[in-house]
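Peer 1: Quick one: the structure is below, and I'll ask about it shortly.
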Amino acid sequence: MSRPLKLDPDRLFPAEGRTRDIARALYAEVAGLPIISPHGHTDPTWFSTNANWSNATELLLSPDHYLYRMLYSQGIALADLCVPDKQGAPATDPRAAWRVLAENFHLFRGTPSAMWLGHVFGEVFGFDVAFDGSTADLYYDTINEKLASDAFKPRALFDRFGIEFLATTEGPQDSLNPHHAIHGSGWKGRVVTTYRPDAVIDVEHEQFADAMGVFAERTGEDVYSWDGYLAAHRKRRADFRAAGATATDHGHATARTANLSYDEAERLFRTILSDSWTPADAELFRAQMLTEMAAMSVEDGMVMQIHPGSFRNHNGGLFASHGRDKGADIPMRTDYVHGLKPLLDRFGTSRDLSIILFTLDETVYSRELAPLAGHYPCLKLGPAWWFHDSPEGMRRFREMTTETAGFYNTVGFNDDTRAFLSIPARHDVARRVDCAFLARLVGEGRLLDWEAAELAYELTNGLVRRAYKLDQNVPTPAAQAA
Amino acid sequence: MSRPLKLDPDRLFPAEGRTRDIARALYAEVAGLPIISPHGHTDPTWFSTNANWSNATELLLSPDHYLYRMLYSQGIALADLCVPDKQGAPATDPRAAWRVLAENFHLFRGTPSAMWLGHVFGEVFGFDVAFDGSTADLYYDTINEKLASDAFKPRALFDRFGIEFLATTEGPQDSLNPHHAIHGSGWKGRVVTTYRPDAVIDVEHEQFADAMGVFAERTGEDVYSWDGYLAAHRKRRADFRAAGATATDHGHATARTANLSYDEAERLFRTILSDSWTPADAELFRAQMLTEMAAMSVEDGMVMQIHPGSFRNHNGGLFASHGRDKGADIPMRTDYVHGLKPLLDRFGTSRDLSIILFTLDETVYSRELAPLAGHYPCLKLGPAWWFHDSPEGMRRFREMTTETAGFYNTVGFNDDTRAFLSIPARHDVARRVDCAFLARLVGEGRLLDWEAAELAYELTNGLVRRAYKLDQNVPTPAAQAA
Amino acid sequence: MSRPLKLDPDRLFPAEGRTRDIARALYAEVAGLPIISPHGHTDPTWFSTNANWSNATELLLSPDHYLYRMLYSQGIALADLCVPDKQGAPATDPRAAWRVLAENFHLFRGTPSAMWLGHVFGEVFGFDVAFDGSTADLYYDTINEKLASDAFKPRALFDRFGIEFLATTEGPQDSLNPHHAIHGSGWKGRVVTTYRPDAVIDVEHEQFADAMGVFAERTGEDVYSWDGYLAAHRKRRADFRAAGATATDHGHATARTANLSYDEAERLFRTILSDSWTPADAELFRAQMLTEMAAMSVEDGMVMQIHPGSFRNHNGGLFASHGRDKGADIPMRTDYVHGLKPLLDRFGTSRDLSIILFTLDETVYSRELAPLAGHYPCLKLGPAWWFHDSPEGMRRFREMTTETAGFYNTVGFNDDTRAFLSIPARHDVARRVDCAFLARLVGEGRLLDWEAAELAYELTNGLVRRAYKLDQNVPTPAAQAA
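Residue numbers (numbering that gives the first Met the number 0), protein chains in the order written: chain B, 0 to 481; chain D, 0 to 481; chain P, 0 to 481.
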């Protein structure tokens, strides 16, 4: 006999009556607002082709590093979860992989994955029995059946989810054809790209050489000269702008920036292109490029997002067998105070620059990020990120940034996900946690109820819209055609 | 139509009934206790001259970096807020600046500034309508009118606020004339100084050369020889003691200390006075001087306060145009464990030394400061400081220090402010937050109610009085005359 | 007139009604479960000889660094507390020392020591009046009388406390005779050892030379050659396994590991044995030895515990007069991400290795430890340790690790104590705090009630049993005799 699945309508609100009531009232006013997703990793071809997804495992399990990292940590082989290695997808039956997830779903108790999947199962697919070993096949068959229907095509779900804006992430080496196809298709969904040049900036990235080759082809510039390289960035940024992008994104190992002279930078670039660069050179070049990107943002108005502090591919054995992005990225201590100073000394007082800072190191919230954002006009704080995109993580973010940076130096929520079906769940969690935080402030006499209601709206809609300049680069079919 | 201003009598207490009731009862017993302010930055001439303040903007806005940093972070020019730059005060109409504050007051939602100003407006000035754009002029005119009255002269407010003790901060280069004038005036208010020698210790301080010159003049010592320099410190410390000081204060970049031999120290001092010192020399000299100051404290009994970890004047552009102390100080990671060891190896077991440690790096509360203070007889913990002098910050301080250091290795509250009118608000916030914390411990069966009541009194009065030795150097007019 | 002593039956549960009720129900199901203590520092001779303890001071005060560090921090001399120095136990009357504790017991308000002692006094000794100066002698006499009775002999208390498993800690230089005596005695109590080789690994340990000498004797190996040294470790690990050990323990200054070639390691070992090693050599050797110990754990299945990050004997003056372990160990920042990588690159994907990580640096919970344990199959998280083994510390541990590592990558509770009488108190605190955390998750709709009940059992019994492989090396008298 299976257990029922029932989402608590008051989930994530404070447990006790007075603040729970306040939170419930605040949430009621923002629960139905459209979803604005300014930073994420969905695949634009889903929306250009609008093809049906294949099956539960390939859509929900094998691409979701939150899920397979936890199962792997408990001794389950990635092959048993249909996670591809360097030879490609394993021969595992997707249904068998799905059963492994179901039988081990208790491992996710207390994690955001459990909340997100619970929402997907209950709200998106309409299940009313709980997910476990006894219902694995029921879930698998039902999900696959629904995924094959018109109502579960990507554009139909996009509309059903009430998504107003969805940003994907591409690199300078990527074609923007899916985006052009979307914009030329007549479909009204606003899906835009984001300029993420890591692969042509980070010489330690294993795709650097190839990406530079494509970068040269797509721009027609001599990307192996410093001037040509910068010109190529300008060209591709313009391409991205034309495809609706309002932002760039930079996933560096650290928050270090540099402000070299032209000659120093040119010399460093030549070293990077030689075979004789050191890790210190690679780091300095990434640092210099953040400042170069800031300079271009001052010119073209693109909002910079900086996502530093992940030790990528920490598990050497797994990286050798499976390659990058397999749930083995581990956060590191990150220093923003010294790291950002060269860039800020050059552009810190500019009103034309906007930088959104993220962190995986929660210690910097109150010590570095809130004081920086509470002073510099160009700095804003992105929401709790990755491992911290969770009820406790989001609560700590508010508790440790609000008193110094206020609410208005933050930018609303990012789902940052490739798990498209979980987007409503993630935004719902964020809205609930923010309302719970506001409710506590009201309950403790630190905010008035009408102030909290205004803030709930701002945290859901106003701040993200302004921070990402969503109303300043609305693409039109004509603009795309140009 | 303007909204009402009404302070919640239960503000900052837990939101739910049981612990709220406990907190309310604890607070009732300490709410009316006198204010003891052992560390702050008010101007002693206010109390020596007892002249009326000029207007709302000059008193409440343009000197308050908490306020203008937030407004600046949102793109408002400092000139529009009457904040002076290196050319002096801008030509801005103070009323216009006040209106900017009023129109942007929502930016402070959730910050301690909003709570403090709310208290100042409601309790000190008696407003009953909320502060916003629609009431900016009403506020401006009413405040100015009151500021011109006898009831709002500095000494009248000092008495009305129930201040029992107020410490200001001066340097060795400063005359203590305002203090002498206060003590000779017959007024009973106890306003004393604190010895803060940073300007003659930190060669990287832009006032170092000038301050050394005045230091020489005031002491008649050869401050450019190591022996004369130390003798000059001793003389000025004695002057400060005579003017009622019970404490010194040290605002270093780091918590590093050193314990050099006489010869090494003498050589380092010569390097510092030459033109060839390096940043490492400057840092080592500051480190050595903390130990020298500790040695003098063992002699004269002055309590040392160490306030490390601020990256001063981080915004290079703003520092060039506006100079220091313009809201651009950013906290840094700080290491107390290795930093303090040389000093502690020399004086750590002394019963004659008392050092109060502060931090801007909250990660050290549970990891370093509580274990250090919970062991060394000479160490105590100052309250949550600066960016952390806030409801969440004070709560984290208690949660992360109490279990290892106990309550009795802490020293009560510091307001650390130059915003005189906010002193009652700040102490009230601290009392409420401490009572809320104690109430939770009682509610969770971790303290008995009578223990919590004793502790509420200790945190408000007993600990600060003993830690700062307030009953050991009560100045008398005779002592001042000497 | 003395105050009553009464333990709140709801202590450590949430203060407000709804979550309190949930916590109470969860706790009711686990309160009576047997105690499993897989890591601690009790003296095995207590259980081999089963002799009565002498008096309250020698049992409860002078060996408990939690108690005397706090009293010392407030200016009380260690000699007044019967804490031995290098000359041995001071001449202080134990009753006088006990009175000092009683008169200063208020210093422990809000600390776990107060809760633990309250439990010991109320539950173990049955007092119903509070402990303070007025009851010091009553306590002292009553405790001593009870300690002299059969009911308070070590084995009787072991049984009364419901201890199912108790691990002590010994080094390679230690005889295991007490353990052999226990196992040969016919007593059913399961007391086993743990292999802690620090004294023969850390050349900076003041007992290194002596310990190496004994290590050679006990093993008959040439421990001064690299091969012989490793062989000696293997022999002693086998001895410890035979005496019931399932785990090793490593108390290093940092979490650094290394993976040197055989030749490099052999050369380093020779340097360590010479007089010319540097601190960097000592650190590298400790780092290499963690990897060597991991290699042996892959062979023999012993679970590794790594306890890094304590700056031992920070107080130079006290170390000179009193020696090590006198409450002067201070936590330091610790880097696990880079530190563990060499070991993990070699064994990280092994299914045969299990490492339990501890920390004194809470900042790594969410940034490093939870992401590491939530990925690597060989890593699990030990409970909140030492200064953090407290209600707030345990709550932070759960809040900062659960969302990324889940509950199932943790290992239940460790009491880590030499204070045998406090073991039930410590486990009770852990069970209450875990139930309070689970109750909040249920109250906030993040767990279902039956899930929380399963987890409460796992956190108390299931996880520790599996993590420490308690059911895989059950010693028998025959095995001991072999």
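For glycine and all other residues, C-beta sits at the position ideal for the given N, C-alpha and C.
1. Can you tell me whether A241/P is buried or exposed, with buried defined as 16 or more other CB within 10 angstroms of its CB?
2. Report the neighbours of A327/B on chain P: residues whose CB is nearer than 7 Å to its CB, in chain order.
3. Quick one: what's E497/D bridged to in DSSP?
4. Going along chain P, which residues have a C-beta under 9 Å from K468/D?
5. Suppose you measure from the CA of M399/B to the CA of G219/B; what does that come to, to the nearest Å?
6. Scan the segment 419-442 of chain P for residues whose Cβ lies nearer than 7 Å to a Cβ of chain D and list them as they occur along the chain.
7. Residues bridged to Q304/P by DSSP?
8. Is the CB of H337/B under 8 Å away from at least one CB in chain P?
9. Could you compute how far the alpha carbon of A480/B sits from the alpha carbon of D470/B?
10. Quick check: the segment 182-202 of chain P against the segment 148-158 of chain P, are there 3 or more CB pairs under 8 Å?
11. So the candidates are I329/P, T401/P, V99/P; which of them puts its Cα closest to the Cα of V363/D?
12. Using a 10 Å radius around the Cβ and a threshold of 16 neighbouring Cβ atoms, would you call N176/B buried or exposed?
13. Tell me which residues of the segment 340-352 of chain B have at least one Cβ-Cβ distance to chain D shorter than 8 Å, keeping chain order.
14. Measuring CB to CB, does P13/P end up less than 8 Å from A22/P?
15. Report yes or no: do three or more beta-carbon pairs, one from the segment 451-468 of chain D and one from the segment 398-415 of chain D, lie closer than 8 Å?
16. I believe H374/D touches N314/P by the beta-carbon criterion, under 8 Å. Please report the beta-carbon distance rounded to the nearest angstrom.
17. Excluding sequence positions up to five away, which residues of its chain have a Cβ less than 7 Å from the Cβ of G326/P?
18. Which residues in the same chain as A129/P place their Cβ atom closer than 7 Å to its Cβ, once the five residues preceding and following it in sequence are excluded?
19. Could you tell me which of R397/B, Q206/B, L339/B sits nearest to T290/B, measuring between CA atoms?
20. Report the residue from A30/D, S148/D, R98/D, T277/D whose alpha carbon sits nearest the alpha carbon of V202/D.
21. Tell whether a beta-carbon distance below 8 Å holds between M288/P and Y194/P.
22. Between the beta-carbon of L368/P and the beta-carbon of L356/P, is there less than 8 Å?
23. Threshold first: 4 residues or longer. Then list the alpha helix (DSSP H) segments lying entirely within the segment 36-104 of chain D, N to C.
24. Mind checking the segment 397-419 of chain P against chain B and listing, in chain order, the residues whose C-beta falls within less than 8 Å of any C-beta there?
25. What residue ranges within the segment 359-428 of chain D form continuous alpha helix (DSSP H) runs of no fewer than 4 residues, ordered along the chain?
26. Take the Cβ of S174/P as the centre, count every other Cβ of all protein chains shown within 10 Å, and call the residue buried at 16 or more, exposed below.
27. Taking 8 Å as the threshold (C-beta atoms), are D433/D and A455/D in contact?
28. R269/B: buried (16+ other C-beta within 10 angstroms of its C-beta) or exposed?
29. Opposite V128/P in the DSSP bridges: which residues?
30. For chain P, is any of its Cβ atoms less than 8 Å away from the one on R395/D?
31. Under 9 Å Cβ-Cβ, which residues of chain D neighbour A22/P?
32. Can the beta-carbon of F436/P be found closer than 8 Å to that of R395/P?
33. Measuring only the C-alpha atoms, how far is L272/B from H306/B?
34. Of the residues L343/D, R323/D, I181/D, which one's Cα is nearest the Cα of D42/D?
35. Restricting to runs no shorter than 4 residues, where is the alpha helix (DSSP H) found entirely within the segment 262-332 of chain D?
36. DSSP state of F12/B, grouped into three classes?
Peer 2: Let me lay it out:
1. buried
2. H374
3. Outside the displayed span of chain D (0 to 481) sits residue 497/D, for which this structure offers no information.
4. Those do not exist, as K468/D stays about 14 Å from chain P at its closest Cβ, beyond 9 Å.
5. 47 Å
6. none
7. D248/P, I355/P
8. no
9. Because the pLDDT of A480/B is 39, which lies under 50, any placement of that residue in the model is unreliable, and the question is left without a value.
10. yes
11. I329/P
12. exposed
13. K340, L343, D344, G347, T348, R350
14. yes
15. yes
16. 7 Å
17. H64, Y67, R68, Y71
18. S1, R2, P3, L4
19. L339/B
20. T277/D
21. no
22. yes
23. 43-48, 64-72, 93-102
24. E398, M399, T401, E402, T403, A404, G405, F406, Y407, N408
25. 369-372, 390-404
26. exposed
27. yes
28. exposed
29. P3/P
30. no
31. Going along chain D, no residue has its Cβ under 9 Å from A22/P, so there is no contact; the nearest lies around 10 Å.
32. no
33. 25 Å
34. I181/D
35. 278-299, 315-321
36. coil
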